[in-house]
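What follows is a single structure, written as structure tokens, with notes after it.
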DNA sequence: CAAATACATAGATATTTGTCAATATATTTT
DNA sequence: AAAATATATTGACAAATATCTATGTATTTG
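Protein chains in written order, with my numbering: chain A, 627 to 718; chain B, 627 to 718.
What follows is the structure, given as structure tokens:
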């Protein structure tokens, strides 16, 4: 995995609105409209953040009819943790 | 810790040049001039990134004479890992 | 003390990112 | 089939970020 890819993985966490989305998703899968209700942003802005979150691998989207259900990907989150654990272990 | 603070913690990892710096620092403490030698950026740009890394808490700077020695902060890195571990544990 | 070295800061500029309004697309509801 | 709903995309704009050159500030070296 090159540095660009690693950086994009961490982009999930480096915006305050995305942190809020992730915290909401900790409670379990939610559709975009439900996330939107609790946030002070417009629908296109939410859609933009969801794309970045999905690109990072930390969030997964599942389409069901007209709804998009988003949830945190255990595997995606684990990848991030593993990268940091390895950094910790490699420390001289 | 508010969302803004959390986001700034993760800013350490969301730029490819900073990822490279962190990888170099995995080998142990290095002065800025030594980091600079292996990177394709100018000295002020490096200085800019070191500031962001230190602000995030993941890197620590130690001044010795005219040199700045930088290293990865175990505590800082642990904070990041703990945040993610907790997110993983809270998952519904 | 003068020159050299290591680093930071300031200011300018280009790129990236976050945001919104408007619109498009797909699906469901009536 | 028309209206309503959920979401994505487009295009514009503002704010933040990354980068450089030039310069300033310590500190060390000769």
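No residue lacks a Cβ here, since even glycine has one placed at the ideal position from N, Cα and C.
Query	Result
For residue 711 (chain B) versus residue 707 (chain A), is the C-beta distance shorter than 8 angstroms?	yes
Is residue 674 (chain B) buried or exposed, if buried means 16 or more other CB atoms sit within 10 Å of its CB?	exposed
Just tell me which of B:643, B:633, B:649, B:681 has its CA closest to the CA of residue 714 (chain A).	B:649
For residue 657 (chain A), which of A:641, A:685, A:695 has the nearest alpha-carbon?	A:695
Give the secondary structure of residue 690 (chain B) by DSSP, where H, G and I count as helix, E and B as strand, and everything else as coil.	strand
Please report how far the alpha carbon of residue 651 (chain A) lies from the alpha carbon of residue 698 (chain A), in whole angstroms.	6 angstroms
Ignore the nearest five residues each way along the sequence and tell me which others in residue 718 (chain B)'s own chain have a CB closer than 8 angstroms to its CB.	none
Is DSSP giving residue 697 (chain B) helix, strand or coil here?	strand
Around the Cβ of residue 659 (chain B), are there at least 16 other Cβ atoms within 10 angstroms (buried) or fewer (exposed)?	exposed
Just mark residue 641 (chain A) as buried or exposed, buried being the case when its beta carbon has 16 or more other beta carbons within 10 Å.	buried
When the cut-off is 8 angstroms and only beta carbons count, does residue 680 (chain B) lie next to chain A?	no
Tell me where the alpha helix (DSSP H) around residue 661 (chain A) begins and ends.	658–663
For chain B, is any of its Cβ atoms less than 8 angstroms away from the one on residue 716 (chain A)?	yes
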